[in-house]
Amino acid sequence: MKRKYFPCTFLLLALAACNYPQPEAATLNPQEIGTYAAQTAVILMGTESAGQKTVAVVDNAPPAATPTATLQPTSTQTLIPTNPPPPPATAKPVRCNWARFETDVTIPDDTLIAAATGFAKTWRLENVGTCDWTSGYRMVFDHGDRMDAPDWMQLTTAVIKPGDTIDVTINLQSPAAHGTYQGYYKLRSPEGTLFGIGADANTAFWVRIKVA
Numbered sequence: 002m003k004r005k006y007f008p009c010t011f012l013l014l015a016l017a018a019c020n021y022p023q024p025e026a027a028t029l030n031p032q033e034i035g036t037y038a039a040q041t042a043v044i045l046m047g048t049e050s051a052g053q054k055t056v057a058v059v060d061n062a063p064p065a066a067t068p069t070a071t072l073q074p075t076s077t078q079t080l081i082p083t084n085p086p087p088p089p090a091t092a093k094p095v096r097c098n099w100a101r102f103e104t105d106v107t108i109p110d111d112t113l114i115a116a117a118t119g120f121a122k123t124w125r126l127e128n129v130g131t132c133d134w135t136s137g138y139r140m141v142f143d144h145g146d147r148m149d150a151p152d153w154m155q156l157t158t159a160v161i162k163p164g165d166t167i168d169v170t171i172n173l174q175s176p177a178a179h180g181t182y183q184g185y186y187k188l189r190s191p192e193g194t195l196f197g198i199g200a201d202a203n204t205a206f207w208v209r210i211k212v213a
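Heads up: the sequence shown begins at 2 in this note's numbering, then just goes up one per residue.
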């Protein structure tokens, strides 16, 4: 009589099946118990029929949770207000005929003059225009106290270029009565254009005396 020897593989599989971890009965429902039994039978039958010494393991562990990315708040840039750019500079108007008063060379304002006395008044003027002052330019009486001044007199016999200065002298006579007297003058181009000093080139320059 021949003895039958079962392969060690079968015995190990049987022991493995017996030691297969079972969940507690209190936490398993009938469906879960049937699932575990079916999985154990598949392991034993598949291994015995193949006659191999390998053990098939069925992993019933739940799939690992896939990590989710956490959105980090992005930093926002704070706009710093800036001052608006300055407006473009307005070009200064350029005038052909334009004078600037520099100083009283003689007879400053309110100089005391004796009654009915002749005197010479001198102004220093600068040509701040773009045109030359030639012999055709005149100094003319504009308004105020005349004090024996002529209607006009020649400004220069030379050429006064832009940026040059000229001393203009006129002979006057004080009135006979006591008081303060003031006469105003302008320049005139050869074309007959009147001009003077100031920002608009239209202000007259003057002489002012006191008679005592």
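Ideal Cβ positions, reconstructed from N, Cα and C, are used throughout, including at glycine.
All values reported here derive from a predicted model rather than from experimental measurement.
Within a Cβ cutoff of 7 Å, which residues of the same chain sit near Ala200, ignoring the five residues on either side of it in sequence? none
Assign Lys122 to buried or exposed, taking buried as 16 or more other Cβ atoms, counted over all protein chains shown, within 10 Å of its Cβ. buried
Closest to Val212 by C-alpha separation, out of Phe206, Glu127, Ser175 and Ala159, would be which residue? Ser175
Alpha carbons only, please: which of Leu126, Ala150, Ala115 and Phe102 is nearest the one belonging to Thr166? Leu126
Taking 7 Å as the limit between beta carbons, can you name the residues of its chain near Gly197, skipping five residues before and five after? Ala100, Lys187, Leu188, Asn203, Thr204, Ala205 and Phe206
As a quick exercise: from Val95, Gly184 and Pro191, pick the residue whose alpha carbon is nearest that of Arg209. Gly184
Could you have a look at Ala200 and say whether DSSP puts it in helix, strand or coil? coil
Pull up the distance between the alpha-carbon of Tyr182 and that of Gln155, whole angstroms please. 24 Å
Assign Gly130 to one of two classes, buried (16 or more other C-beta atoms within 10 Å of its C-beta) or exposed (fewer than that). buried
Per DSSP, what kind of secondary structure is Ala26 in: helix, strand or coil? At Ala26 the pLDDT is 45, less than 50, meaning the model places this residue with poor confidence; the figure from the coordinates comes in the next sentence. In this structure, Ala26 counts as helix in the three-state DSSP scheme.
Between Ala117 and Pro151, what straight-line distance do the alpha-carbon atoms span, to the nearest angstrom? 17 Å
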